[in-house]
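Letter by letter, the sequence shown follows residues 10 to 273 in my numbering. By construction, the Cβ of each residue, glycine as well, lies at the ideal position given by its N, Cα and C atoms. Remarks on the structure that follows.
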Amino acid sequence: MNKFLVIGNPIEHSLSPKLHNYWIKNHGLNAVYDKKKLEINELEKIIIDIREKKLKGINVTVPFKQAIIPFLDKLTLEARSTHSVNTVYIDQNRVVGHNTDIEGFKKAIEKINFNLSKKTVLILGAGGVVPSLIFALRKMNVSKIIITNRTREKAEKLKYLFKNTKILEWGKLIPSDMIINATSLGLKKEDNLELDFSNLGKNKFFYDIIYNPPETNFLKKGKELGHKTENGKLMFVYQALGAFNLWHKSKIKIDDHAINLLNK
Ligand code: ATR
């Protein structure tokens with residue numbers, strides 16, 4: 010039986026096993042997908058398990074997406090460009106790190122038919138997911154990417170990695186076609202970004218990476234102001250699907266049942 014894992018810390022709340030085991034069952038595959046909480050000094054051992062074929066592949070989540078890199082033999086372009094690995098697999102006896110958060114975000118935006126070409130995007134936050142967002146946004150031909158983060162230094166690091174991004178002082182906002190909340194503020198229901206969204210103009214797109222709770226205060230505010238809103242649920246499903254199709258060499262598509270699995 011082929012074994013898969015998602016590793017992270019914390020990991021209890023990960024919904025990846027639900028999605029993968031649903032697809033595994035649905036396609037009659039001889040596989041199982043589990044979750045495991047790890048400490049940073051256990052990363053090397055997990056990669057050895059992959060080398061020794063005890064594990065067929067793993068997903069990597071917070072806080073190890075970057076820390077896993079030194080133990081891998083090869084990175085795909087996506088993982089290399091973002092310094093972020095969420096999917097690990099074996100290819101010709103080499104352990105490869107890949108990043109499906111990029112396609113997760115891109116496909117989620119395409120699924121809802123939002124055309125980002127030539128648009129301006131403002132990203133709130135500069136944490137682990139942001140390089141993947143920037144990589145995807147560039148693929149979607151946006152004209153401008155602006156990053157604003159409480160700790161400016163982290164935004165500067167991103168600007169160094171992705172040259173044609175701009176930095177805006179935290180607390181200021183400028184009119185943009187899309188505003189993405191990539192901070193962790195919103196994970197708790199009462200979390201509130203102390204930003205004034207009232208001068209952004211009309212018909213903008215408020216996007217939150219967070220999908221639980223399904224409507225953060227950021228999205229609520231966006232809706233109240235008459236903007237289009239979307240949470241990160243589809244992105245999460247698509248990144249999982251990307252890993253699934255890679256490991257199982259399949260081409261399955263997103264389905265409503267999978268999306269609904271995340272509603273609990
Ligand atoms: P990491 O920064 O370790 O990658 P993350 O969860 O990926 O962690 O990112 C958290 C993001 O939310 C960061 O951009 C963080 O801002 P800082 O870089 O200043 O820490 C942002 N964030 C978290 N709490 C915040 C708060 N109370 N106000 C503003 N931004 C916050």
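Cα-Cα separation, residue i to residue j
| i | j | result |
| --- | --- | --- |
| SER259 | PHE253 | 8 angstroms |
| MET10 | ASN102 | 19 angstroms |
| ASN95 | LEU182 | 31 angstroms |
| ASN35 | ILE268 | 14 angstroms |
| PHE123 | ASP265 | 20 angstroms |
| LYS120 | LYS148 | 15 angstroms |
| ASN150 | GLU224 | 28 angstroms |
| LYS12 | SER152 | 42 angstroms |
| ALA40 | LYS62 | 13 angstroms |
| GLY137 | GLU165 | 14 angstroms |
| ALA117 | LEU146 | 12 angstroms |
| ALA191 | ARG161 | 15 angstroms |
| ALA88 | LEU204 | 32 angstroms |
| GLY4 | ASN272 | Residue 4 lies beyond the stretch modelled for the chain, which goes from 10 to 273, so this question has no answer here. |
| LYS128 | ILE156 | 14 angstroms |
| LEU194 | ILE33 | 33 angstroms |
| ILE49 | SER141 | 22 angstroms |
Own chain residues within Cβ distance below 6 angstroms of residue i, not counting five before or after
| i | result |
| --- | --- |
| ASN201 | ASN226 |
| HIS92 | GLN75 |
| THR238 | PHE215, LEU228, GLY231 and LYS232 |
| LEU53 | It should be pointed out that residue 53 corresponds to Glu in this sequence rather than to Leu. Correct list, in chain order: PHE80. |
| HIS236 | LYS213 and PHE215 |
Proximity below 8 angstroms, CB of residue i to CB of residue j
| i | j | result |
| --- | --- | --- |
| ILE111 | VAL130 | no |
| LYS213 | MET187 | yes |
| ASN68 | SER126 | no |
| LYS115 | ALA135 | no |
| GLY17 | PHE73 | yes |
| ASP217 | GLY251 | no |
| LEU84 | VAL97 | no |
| TRP179 | ASN208 | no |
| PHE206 | LEU234 | yes |
| ILE189 | ILE132 | yes |
| ILE261 | VAL246 | no |
| LEU14 | LEU86 | no |
| VAL104 | ILE55 | no |
Closest residue to residue i among the options (Cα-Cα distance)
| i | options | result |
| --- | --- | --- |
| GLY210 | PRO184, SER193, ASN240 and GLU53 | PRO184 |
| THR174 | VAL139, PRO222, LYS120 and ARG89 | VAL139 |
| ASN108 | LYS46, ILE77 and LEU204 | ILE77 |
| ILE20 | PHE215, LEU47 and LEU38 | LEU47 |
| ILE143 | GLY106, SER90, ASP100 and ILE99 | SER90 |
| GLN248 | ILE57, THR70 and LYS54 | THR70 |
| TYR42 | ASP100, GLY66, ARG161 and LEU146 | GLY66 |
| TRP256 | HIS22, ALA88 and ILE99 | ILE99 |
| HIS22 | LEU38, LYS45, GLY37 and ILE33 | LYS45 |
Close beta carbons around residue i, own chain, < 7 angstroms, minus the five adjacent residues each side
| i | result |
| --- | --- |
| LEU196 | ILE219 |
| PRO222 | LYS198 |
| LEU38 | HIS257 |
Neighbourhood of residue i by C-beta, 8 angstroms cutoff - its chain only, sequence neighbours within 5 removed
| i | result |
| --- | --- |
| LEU270 | LEU24, LYS27, LEU28 and TYR31 |
| GLU51 | none |
Any non-hydrogen atom of ligand 3 closer than 7 angstroms to residue i Cβ
| i | result |
| --- | --- |
| GLY113 | Looking for ligand 3 in the displayed structure turns up nothing; the ligands present are ligand 1. |
If you pair each beta-carbon of the region 220 to 230 with each one of the region 168 to 180, do three or more pairs fall below 8 angstroms?
no
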